[in-house]
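Have a look at the structure below before the remarks.
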Amino acid sequence: MKKPPKPSAVLKECLLEAGALIKRASAKEKRIDYKGRLSLVTETDKKSEKLIVGKILKAFPGHGILAEESGGRRPASPHRWIIDPLDGTTNFAHGFPVYCVTIAYEEHGKIMAGGVLDPTRDELFFAERGAGATLNGKPISVSKTPALSASLLCTGYPYDRCDLRRAKYYIGFKESFITRCHDVRRTGSAALDLCYVASGRFDGFWEYHLNPWDVAAAYLIIEEAGGKVTGYLGEPYRIDGKQTLASNGRIHGEMVHVLRGYMLKTKEPEDDAKEREEKIHGRHA
Ligand code: IPD
Ligand code: CA
Ligand code: CA
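Just so it is clear: in the sequence shown, position 253 is 305 by our numbering, and no numbers are missing.
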């Protein structure tokens with residue numbers, strides 16, 4: 053009998069093929085549609101996802117899928133693949149070369165393998181649970197930066213920033229950090245931001261309202277690289293949770309302190325939690 057393929061091998065193949073597809077498409081005219089006022093989607097997002105889902109289901113027909121563009125399937129299976137076929141779509145659409153494709157493989161609710169491929173730099177970040185994290189096959193680890201005052205941070209602003217009250221709330225977090233660190237970047241690809249924490253290029257990252265497909269793979273990559281990922285107050289991380297705080301571990305406490313301070317003095321404007329829930333759980337049920 054033919055041996056079943058290894059999920060991690062299929063995952064890497066999918067990343068490389070989708071990465072090549074994105075690279076070819078980057079030189080061509082982009083067809084842009086809108087999912088929301090600020091949320092773009094291109095033909096390439098959809099083609100990349102079709103390629104990945106097709107390959108995974110060919111190798112593992114009984115597995116579940118949670119993929120950003122096409123929704124998903126949840127058969128009674130403990131195996132699930134979590135896919136963002138193009139993270140950083142706004143950058144891609146504008147020709148700004150910071151985007152990637154990211155895939156995680158989950159068993160019984162635990163991420164077992166994850167990969168993030170940046171086709172503009174040919175960088176493949178990868179981790180398997182318990183086996184460490186790598187960049188193009190070489191081990192990586194988080195930075196040794198000991199204090200917030202010496203750190204380079206990164207953040208992102210979710211799409212509900214089209215509501216001015218929420219935009220101001222998010223900018224307030226940045227204001228709280230900007231005077232306390234070397235600088236704060238906003239690259240536009242959360243999966244790459246997290247991999248840059250894993251590889252020591254950034255010391256810390258925070259963002260509200262990321263989706264499981266943005267974070268699932270990179271979460272494992274950071275943990276395997278010796279970093280820490282939690283909610284804003286240091287609580288255990290959930291890939292379908294509201295907040296992502298990632299760091300090299302050493303500056304985590306200071307980051308929690310700053311986040312707590314801001315949240316204590318600032319009332320969070322209402323957000324459409326129902327719509328978000330539906331997006332992650334309902335639509336894909
Ligand atoms: C977005 C990017 C961006 C982050 C947004 C994400 P997309 O993903 O990761 O950096 O700020 O919250 O939704 O839409 O380009 O796949
Ligand atoms: Ca994304
Ligand atoms: Ca995407």
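All C-beta atoms in this analysis are idealised placements derived from N, C-alpha and C, irrespective of residue type, glycine included.
Note on K280: 16 or more other CB atoms within 10 angstroms of its CB, so buried under the neighbour-count rule. L311 carries a helical assignment under DSSP once its states are collapsed to helix, strand and coil. Judged by the Cβ position, D85 fails to qualify as a neighbour of ligand 3 at the 7 Å threshold, every heavy atom of the ligand being at least this far. A Cβ-Cβ contact shorter than 8 Å links I291 with V267. D139 has its CB nearer than 7 Å to a heavy atom of ligand 1. The way I'd put it, the segment 195-204 does touch the segment 241-260; three or more beta-carbon pairs between them come closer than 8 Å.
Secondary structure of S195 (DSSP, three-state): coil. For H131, the enclosing beta strand (DSSP E) has its first and last residue at 131-139. For the options G88, E65, A70, E275, the alpha carbon positioned closest to that of P210 is the one of G88. The beta carbons of V310 and L244 sit no closer together than 8 Å. The secondary-structure analysis by DSSP pairs C247 with nothing; it has no beta-bridge partner.
Burial check for P264: the Cβ neighbour count within 10 Å reaches 16 or more, so the residue is buried.
Y157 carries a strand assignment under DSSP once its states are collapsed to helix, strand and coil. CA-CA distance, R217 to D323, rounds to 10 Å.
Shown here for T282: same chain residues with a beta carbon closer than 6 Å to its own, the five before and five after excluded, namely Y289, L297 in chain order. At a cut-off of 7 Å, the beta-carbon of A242 counts as near ligand 2: some heavy atom of the ligand is closer than that. L169 has its CB no nearer than 7 Å to any heavy atom of ligand 1. Here E320 carries a coil assignment [DSSP, helix/strand/coil]. In the structure shown, the three-state DSSP call for C233 is coil.
Less than 8 Å divides the Cβ of R83 from the Cβ of E95.
Under DSSP, Y289 takes part in no beta bridge, so it has no partner. In the DSSP annotation of this structure, the continuous segment of the beta strand (DSSP E) that includes I84 starts and ends at 84-86. The way I'd put it, the segment 116-136 does touch the segment 156-173; three or more beta-carbon pairs between them come closer than 8 Å.
Within 7 Å of the C-beta of D136 there is at least one heavy atom belonging to ligand 2. Look at I303 here: in three-state DSSP terms it is coil, with no helix or strand label. Residue burial is scored here from C-beta neighbours: G305 has fewer than 16 other C-beta atoms within 10 angstroms and is therefore classed as exposed.
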